[in-house]
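Numbering (my numbering), first residue to last: 80 to 333. Glycine included, each C-beta is placed from N, C-alpha and C at the ideal position. On a predicted model such as this, the values are computed, not experimentally measured, just so you know. Comments concern the structure below.
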């Protein structure tokens, strides 16, 4: 497949039913931030760009997500899975956890709520600074789905050769993975870029070579880049042509 389409993923006419093995994405957070930092050589040169504003009326926002997720479920294989990165929102002084997204997936099986923990970010002076986001892991079938645990095991800190066969263990549901910093080699001009390391673990555990990976909010193309590097197929949707250009440049370098 290997294609990024320049239109909303609320409709995916290019994709037939049950062709996708895994969807992984991070939808707009709808937190009323005007994104658009301009980067050069790993540094912000302008901080008041106007590429897009992450703000819709709440009813419109949730309807958009409903449409995207419905289309995603249509194109997912019967043994397919869905990984969704989303974070808390602060509304009228209250933190609103994103557990409302689970209402979209009552017909699927929630296998994990991953806590993605990172070591830096914005600061606050009236509450503790946030250093985590959620990644929800759903499957279409309760038992029939790909889970390549051996491909993502990590070194055990308390390895004892008298008790365990090897020094690798199953990662927990708390993943400590750094954000993409301004001087990172994978940094692009996209203002809300998630790290390749995060997506690599998901693609490795949830797919096999040749499988099709979908990202309905492609952004800077991280999902596609990781899928291509791991010899999977990719397909994505992105409404901003500028971000598609960024993705295609990254893909050419893989």
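| Check | Outcome |
| --- | --- |
| C-alpha gap between residue 322 and residue 84, whole angstroms | 11 Å |
| Beta-carbon proximity of residue 144 to residue 176, cut-off 8 Å | no |
| C-beta atoms of residue 147 and residue 163 nearer than 8 Å | no |
| Residue 202 burial status per 10 Å Cβ neighbour count (16 or more: buried) | exposed |
| Euclidean distance between Cα positions of residue 311 and residue 331 | 15 Å |
| For residue 211: DSSP bridge partner residues | 196 |
| Where residue 216 falls: helix, strand or coil (DSSP) | strand |
| Delimiting residues of the alpha helix (DSSP H) encompassing residue 278 | 275-285 |
| Backbone secondary structure at residue 302 - three-state DSSP | helix |
| Collapsed DSSP secondary structure at residue 128 in the structure displayed | Reliability fails at residue 128, whose pLDDT of 41 lies under 50, so the model's placement of it is uncertain and no value is given. |
| Bridge partners - residue 316, DSSP secondary structure assignment | 84 |
| Supposed contact pair residue 284 and residue 214 - C-beta distance, whole angstroms, cut 8 Å | The Cβ separation is near 12 Å, so there is no contact. |
| Residue 156 beta carbon less than 8 Å from that of residue 99 | yes |
| CA-to-CA distance, residue 108 to residue 207, given in whole angstroms | 20 Å |
| Residues sharing a beta bridge with residue 155, DSSP | 99 |
| Test item: CB-CB of residue 290 and residue 101 under 8 Å | yes |
| DSSP-derived helix/strand/coil call for residue 245 | coil |
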